[in-house]
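Protein chains in written order, with the working numbering: chain H, 1 to 330; chain V, 1 to 331; chain L, 1 to 300.
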């Protein structure tokens with residue numbers, strides 16, 4: 001384990017929405033993020049993976065101050081970030097969103113878009129904004145002359161570079177990358193991934209990298225957290241997770257990765273039925289209806305978080321106190 | 001069985017735009033036998049989706065289509081009138097679209113939509129059509145199939161809707177299925193299931209399938225044949241093994257280098273890139289369209305591009321081996 | 001700075017027209033918009049320069065020259081469109097009437113625009129309770145018959161230009177609220193709004209600089225349509241005698257004053273009626289055209 005103090009720490013973060021079903025239905029609670037605790041050491045990339053609806057986007061919104069957690073704490077550099085500190089949070093945590101066609105205001109010039117953080121926070125004056133924007137555009141690989149153009153004049157990859165420039169102009173410590181390449185073409189995707197990798201090394205950034213593409217996560221992340229129905233079911237250092245996945249869900253996810261290797265055929269993930277409705281989470285271990293190794297015990301008892309050599313896992317198979325314990329491995 | 005089910009020669013699609021003509025698809029050729037899966041892979045704007053719509057006869061009126069040959073089981077599609085096309089679509093060739101939410105009609109039940117094509121094309125009764133719908137829903141892995149028939153699309157999840165789309169495409173036992181990015185909108189776990197389903201059903205029913213995708217992983221796993229499309233042209237075609245093991249066109253190799261390979265690409269290393277952007281296809285387009293981004297471009301790339309063919313593995317490049325050996329030597 | 005990545009070398013080739021250039025191109029390619037805007041523009045100029053253009057004082061009565069026909073019906077060029085039953089020059093009254101119609105249209109649309117936009121944007125942006133209240137108010141407003149309410153209010157307060165403008169301004173905000181609420185809902189979900197909030201931008205800033213510019217096109221369209229609506233309502237109120245009071249020259253009032261003579265001198269009704277028709281048609285053409293050309297740049 002790295003000895004550096006965590007730059008980002010989540011302690012029991014929970015977010016519950018009240019969802020009304022139908023016209024006259026009484027609101028029911030929907031727990032989008034359920035008691036999530038994570039630590040991200042400085043300079044690392046935490047890959048967050050999971051299917052749509054698992055709560056990863058809600059978690060990102062909480063970190064960006066767009067949503068307030070129902071309970072739990074978010075700590076940046078050991079300091080708790082309260083709901084009132086949106087400006088502080090904004091300086092330290094910035095987002096890069098998925099769709100560069102939606103993340104840039106079509107009515108604003110590139111200069112306006114990239115300089116917005118400086119203007120909102122009242123950093124510097126008009127002359128320094130111009131200088132800063134030029135500098136950051138150069139860093140993300142765009143010529144300064146794009147400053148006076150509009151998003152509609154750019155390609156998807158160029159727009160994503162603009163979004164990265166906007167996120168980095170205030171020199172944040174943490175960048176939340178929410179599927180930053182999934183809307184891009186393959187050849188552009190690799191350019192953006194390389195850029196993100198370079199920027200991290202250059203500026204010592206910490207990323208929370210949300211993606212459904214496990215090959216990309218494996219390539220960029222140093223740690224990986226797997227989310228299922230609002231809970232982190234397994235978390236580990238990237239090599240450990242990809243080489244020795246412990247949770248059956250992680251194993252299924254890894255199996256479903258289609259690498260460009262002909263002749264291997266399409267894997268059978270054995271996940272069976274569809275993702276459950278988060279408003280009606282299954283009893284016991286939320287994963288049991290789809291788990292190939294589930295037993296009656298899993299339907300009754302929710303698994304607890306168990307430490308692993310470089311992370312944790314929530315599964316009865318790895319709990320020495322459960323009747324399903326499969327014994328210590330490697 | 002040796003005669004191809006579908007054969008396309010020199011298919012060209014031109015779209016008139018303000019200030020000229022957009023040459024969206026420029027002279028593509030391919031054959032497809034029964035039971036075979038062809039993957040057309042390319043990035044946005046390569047013309048791969050337009051190609052599929054052209055085969056189905058679903059192009060907009062403004063798009064000009066021409067081809068030396070476009071035959072489906074001996075039927076000349078270039079001359080087929082609207083009636084012939086209607087009798088083919090849904091019955092002998094059907095299509096699966098990317099977005100199941102928009103391609104299912106929200107106002108009708110799953111059952112109505114499933115049985116519609118069968119009632120239209122085949123002389124079967126309502127009960128028989130219903131029975132067939134239930135059978136197919138079960139086949140695509142939908143539980144409680146009978147009760148699903150009275151449900152509406154919004155009551156189903158994305159993965160289930162895509163399964164319904166597949167079941168719908170299969171209702172009349174088509175000989176050809178064209179699937180345009182059928183799994184792009186789905187989660188990886190669901191993607192694997194849907195692809196596996198399509199793959200197994202294709203084998204079982206001896207269907208020909210054209211799968212249009214941008215995902216090289218999908219291509220490698222399900223394709224018998226691969227066609228790599230760039231800027232309206234097929235730059236490389238061949239069996240999946242040939243194209244992935246000896247990628248000959250510089251674009252194909254470039255694409256393969258862009259994606260990290262778990263276990264092979266070093267974590268955190270710099271990925272390959274293809275600099276530049278897809279050229280404009282408006283106006284006269286000559287030579288190799290990839291030359292503006294190709295590391296091996298030479299002046300000859302502006303002229304006529306030779307076609308290199310070895311046993312069904314075809315690529316177009318001025319370099320005899322597409323500079324594959326040179327790249328492998330430096331790698 | 002050593003970046004392993006190079007920017008697109010072809011960047012210079014793909015920089016297309018700016019949004020404003022594209023807008024300009026579309027505006028000049030849209031006939032309906034050009035025709036509508038020119039007619040509205042012309043009438044606006046006429047209204048502004050009415051004192052210079054009108055050949056006579058619109059209030060000056062001359063009992064000696066009453067009911068003179070327009071030139072095309074045998075009148076003389078001293079009164080090109082003839083005179084009314086009090087001998088007032090019809091052309092001059094028509095020219096001054098443009099002031100009343102346009103002023104009512106513009107000011108009533110502005111008042112209702114401010115009310116409706118504020119309500120609609122608030123409902124769309126904040127949602128929840130605010131949305132419930134606004135939706136309720138819209139429904140209440142839609143349940144009221146505009147003409148009857150306007151008639152009742154004017155009957156109580158007495159007709160005058162100011163009263164008519166205020167009544168119309170306070171009654172016509174419903175469409176603004178509906179359209180702005182829907183547009184805001186649509187834009188609020190865009191990632192650039194989330195990005196601005198994540199930057200720490202205040203709510204007024206997000207609304208003014210991220211949301212408003214992207215819904216302004218819809219707003220302009222509604223403004224034009226409500227202008228036409230207000231102008232027609234003013235004419236209707238004046239025709240019923242509850243709008244602008246004589247002797248103020250208003251097109252609705254002119255139709256009303258001419259209606260007694262309609263069988264004998266149909267031009268007295270037809271001329272102001274035709275001008276009213278042309279203005280409303282032109283405004284609607286302009287509104288439709290604006291809707292066509294201001295489609296967001298990133299839609300295609």
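Built from N, CA and C at the ideal position, the CB exists for glycine as well.
If you're wondering where the values come from, they're calculated on a predicted model, not measured in any experiment.
Asked                                                                                                                                                                               : Found
Please name the residue or residues paired with residue 80 of chain H in a DSSP beta bridge.                                                                                        : H/75
Starting from residue 15 of chain H, follow its DSSP beta bridges and name the residues at the other end.                                                                           : H/33
Taking Cβ positions, are residue 314 of chain L and residue 123 of chain L nearer each other than 8 Å?                                                                              : Because chain L is modelled from 1 through 300, residue 314 of chain L falls outside the range shown and cannot be assessed.
What span of residues does the alpha helix (DSSP H) with residue 147 of chain V cover, start to end?                                                                                : 145-148
Return the chain-ordered ranges of every alpha helix (DSSP H) run that is complete within the stretch 248-324 of chain V and spans a minimum of 4 residues.                         : 250-258
At the level of alpha carbons, what is the spacing between residue 280 of chain V and residue 60 of chain V?                                                                        : 21 Å
Any C-beta of chain H sitting closer than 8 Å to the C-beta of residue 247 of chain V?                                                                                              : no
Based on the DSSP secondary-structure assignment, which residues constitute the bridge partners of residue 345 of chain V?                                                          : The first residue shown for chain V is 1 and the last is 331, placing residue 345 of chain V beyond what the model contains.
What does a CB cutoff of less than 7 Å around residue 68 of chain V pick up in its chain, not counting 5 residues either side in sequence?                                          : 9, 10
Got a sec, what are the start and stop residues for the beta strand (DSSP E) residue 225 of chain V sits in?                                                                        : 225-230
With a cut-off of 8 Å, does the C-beta of residue 60 of chain H fall near any C-beta of chain V?                                                                                    : no
State the Cα-Cα distance for the pair residue 98 of chain H and residue 195 of chain L, rounded to the nearest angstrom.                                                            : 11 Å
In chain order, what residues of the same chain have a beta carbon less than 6 Å from the beta carbon of residue 318 of chain H, not counting five sequence neighbours either side? : 246, 306
Cβ of residue 8 of chain L less than 8 Å from any chain H Cβ?                                                                                                                       : Residue placement at residue 8 of chain L cannot be trusted, given a pLDDT of 40 that sits under 50; the coordinates are not used to answer.
Using 8 Å as the threshold, is the C-beta distance between residue 260 of chain V and residue 132 of chain H below it?                                                              : no
Closest to residue 201 of chain V by CA distance: which of H/184, H/266, H/154 is it?                                                                                               : H/266
Using a Cβ-Cβ cut-off of 8 Å, state whether residue 242 of chain H counts as contacting chain L.                                                                                    : no
With residue 97 of chain L and residue 177 of chain L assumed to form a contact (beta carbons below 8 Å), what rounded beta-carbon distance in angstroms separates them?            : Not confirmed; about 31 Å, so no contact.
Is it buried or exposed, residue 139 of chain L, if we count other Cβ atoms within 10 angstroms and call 16 or more buried?                                                         : exposed
Among H/229, H/236, H/244, H/300, whose alpha-carbon lies nearest the alpha-carbon of residue 279 of chain H?                                                                       : H/229
Sort V/286, V/36, V/277, V/107 by Cα distance to residue 44 of chain V and report the nearest one.                                                                                  : V/277
Express the C-alpha separation of residue 248 of chain V and residue 255 of chain V in angstroms, rounding to a whole number.                                                       : 12 Å
Counting only C-beta atoms, is residue 283 of chain H closer than 8 Å to chain V at any point?                                                                                      : no
With C-beta atoms as the reference, is residue 93 of chain L less than 8 Å away from residue 254 of chain L?                                                                        : yes
Taking C-beta pairs closer than 9 Å, name the residues in chain V that residue 257 of chain H reaches, listed in chain order.                                                       : 188, 192, 217, 262
Spell out whether any CB of chain H is found under 8 Å from the CB atom of residue 188 of chain L.                                                                                  : no
Taking a cut of 7 Å between CB atoms, which residues from the stretch 112-144 of chain H lie near chain L?                                                                          : 116, 117, 120, 121, 138, 139, 141, 142, 143
Just list the residues that DSSP pairs residue 23 of chain V with in beta bridges.                                                                                                  : V/14
Output yes or no for whether 8 Å exceeds the beta carbon distance between residue 250 of chain L and residue 169 of chain L.                                                        : no
Using a Cβ-Cβ cutoff of less than 7 Å, which residues in the same chain neighbour residue 248 of chain L once the five nearest sequence positions on both sides are dropped?        : 100, 161
Quick check: is the beta carbon of residue 43 of chain V nearer than 8 Å to any beta carbon in chain H?                                                                             : yes
Determine the extent of the beta strand (DSSP E) in which residue 180 of chain V is found, giving its start and end residues.                                                       : 176-180
Out of L/289, L/187, L/252, L/280, which one is the CA nearest neighbour of residue 44 of chain L?                                                                                  : L/280
Name the two residues that bound the continuous beta strand (DSSP E) containing residue 236 of chain H.                                                                             : 231-237
Relative to the C-alpha of residue 76 of chain V, which candidate in V/108, V/91, V/56, V/216 has its C-alpha closest?                                                              : V/56
Which residues of chain H have a Cβ atom closer than 9 Å to the Cβ of residue 280 of chain V, listed in chain order?                                                                : Those within 9 Å of residue 280 of chain V in chain H number zero; the least Cβ separation is about 12 Å.
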